[in-house]
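Undergrad:
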Amino acid sequence: MSLSQRNLALLLIAPGLALVAALFLYPLCFSLISAFTGPEGGFSLQAFGKAWELYSGDVVFTVIIVLSSCLLTGLAAIVIAGTLTLGENRWIVGTLKALYRWPLFIPFIVAAQCMRTFLAKNGLMNNTFVSLGLMEPLQAMSFLDWRGIIATFVWKQTPFVALLLAGALAALDRATLEAGRNLGASRMRVLVELALPQVMPQLLVALVLSFVTMLSVLSVPMMVAGSQPTMLTVDMAFRINAYGDYATANALGVITYLISAGAAIIYLKRGMAKENAP
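Note that the sequence shown covers residues 1 to 278 in the UniProt record's numbering.
(1) In whole angstroms, what separates the C-alpha of Leu10 from that of Ala22?
(2) Leaving out five residues before and five after Met1 in sequence, what residues of the same chain have Cβ atoms less than 6 Å from its Cβ?
(3) Drop a sphere of 10 angstroms on the beta-carbon of Val20, count the other beta-carbons inside from all chains shown, and report buried for 16 or more, exposed for fewer.
(4) Taking Ala249 as the reference, give the member of Ala242, Met236, Tyr257, Ile255 with the closest Cα.
(5) Is it buried or exposed for Ser31, if we count other Cβ within 10 angstroms and need 16 for buried?
(6) How big is the Cα-Cα spacing for Ser56 and Gly41?
(7) For Glu178, collect the residues of the same chain with a Cβ closer than 8 Å to its Cβ; drop the 5 residues on either side in sequence, then sort them by chain order.
(8) Just to confirm my understanding: we take Ala225, look at its own chain, exclude 5 residues before and 5 after, and list those with CB closer than 7 Å. What are they?
(9) At which residues does the alpha helix (DSSP H) containing Val66 begin and terminate?
(10) Terminal residues of the continuous alpha helix (DSSP H) containing Asp173?
(11) For a test of the three-state rule: what should DSSP assign to residue 352, helix, strand or coil?
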């Protein structure tokens, strides 16, 4: 490659590199420096101590909520993708194919508002049960708490995971799956024992991406469950908006980075172990 061609290539990728530097690298470096800088200007872990003292319960709550949401999202995606790939009822497959992707195009803030009107004590879900005679009005209860957060995350992220998983399942060799069916295995057994092991890397990629996405959402925990305990994104916004405490907020951000990195490392270690296997 000549010098002019290299310069042209650098010129083409320069806008993308500038965006990455401005929108990711600079905030990341600023957060790290602010989190590890004390009030006197030197190196200090004071911000982390304060963050852990005030919000250790929210750290645990955030991890539990996101892991639970990922688990339920994975199960729902497996059911949807398996039905789309191995289903034999054309009406069910066609209806599911037309409907399951809709939440992909809905922003999280809109999804949160929809869940507020659906899961409230006098919301659509309870009113429907009352009108059908399945529940008395006095039995209605609000789900605008941790259950609402999980329900919103699962409803929003399941189409993304199911779309990737369905594509991976569709690319499998159909002869292997048909052989299992010919030997008397049920569709569920074919899906669990033959198909899923072959697409597990794609499923893990989708779940890791969903994990990071759910970990970074502010609107859902703030709008769906505005009570304690809450997620770290709400705590970070509160420290900045209420107190202007950027150091503690950035310490919480670093903790969030570490949680995200943990999910990525687990996936990478699994992928490397599989590649090194004989």
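Built from N, CA and C at the ideal position, the CB exists for glycine as well. Note that this is a predicted model, so its numbers are computed, not measured.
TA: Walking through what the data contain:
(1) Looking up residue 10 in the sequence shown gives position 10. Looking up residue 22 in the sequence shown gives position 22. Going from the Cα of Leu10 to the Cα of Ala22 covers about 17 Å.
(2) Within the sequence shown, residue 1 is the residue found at index 1, counting from 1. Any answer about Met1 is weak, because its pLDDT of 46 lies below 50 and its placement is not dependable; what the coordinates show is given next. Excluding sequence neighbours, Met1 sits near nothing in its chain.
(3) Here residue 20 is taken as the residue at index 20 of the sequence shown, counted from 1. The residue is exposed, with fewer than 16 neighbouring Cβ atoms inside 10 Å.
(4) In the sequence shown, residue 249 corresponds to position 249, counting from 1. That would be Met236, whose Cα lies nearest to the Cα of Ala249.
(5) The residue labelled residue 31 in the question sits at position 31 within the sequence shown. Buried: at least 16 other Cβ atoms inside 10 Å.
(6) Position 56 of the sequence shown, counted from the start, is the residue given in the question as residue 56. Position 41 of the sequence shown, counted from the start, is the residue given in the question as residue 41. Going from the Cα of Ser56 to the Cα of Gly41 covers about 25 Å.
(7) Residue numbering aside, residue 178 sits at position 178 when the sequence shown is read from its first letter. Cβ within range, chain order: n/a, list empty.
(8) To locate residue 225, count along the sequence shown from 1; it is residue 225. Within the same chain, Ala225 has close Cβ partners Leu144, Asp145, Trp146, Gly148, Ile149.
(9) In the sequence shown, the residue the question calls residue 66 occupies position 66. Residues 46 to 86.
(10) Along the sequence shown, read from residue 1 onward, the residue named residue 173 stands at position 173. It is not in any alpha helix (DSSP H) - Asp173 carries neither H nor E in the DSSP assignment.
(11) Since the first and last residues shown for the chain are 1 and 278, residue 352 lies out of range.
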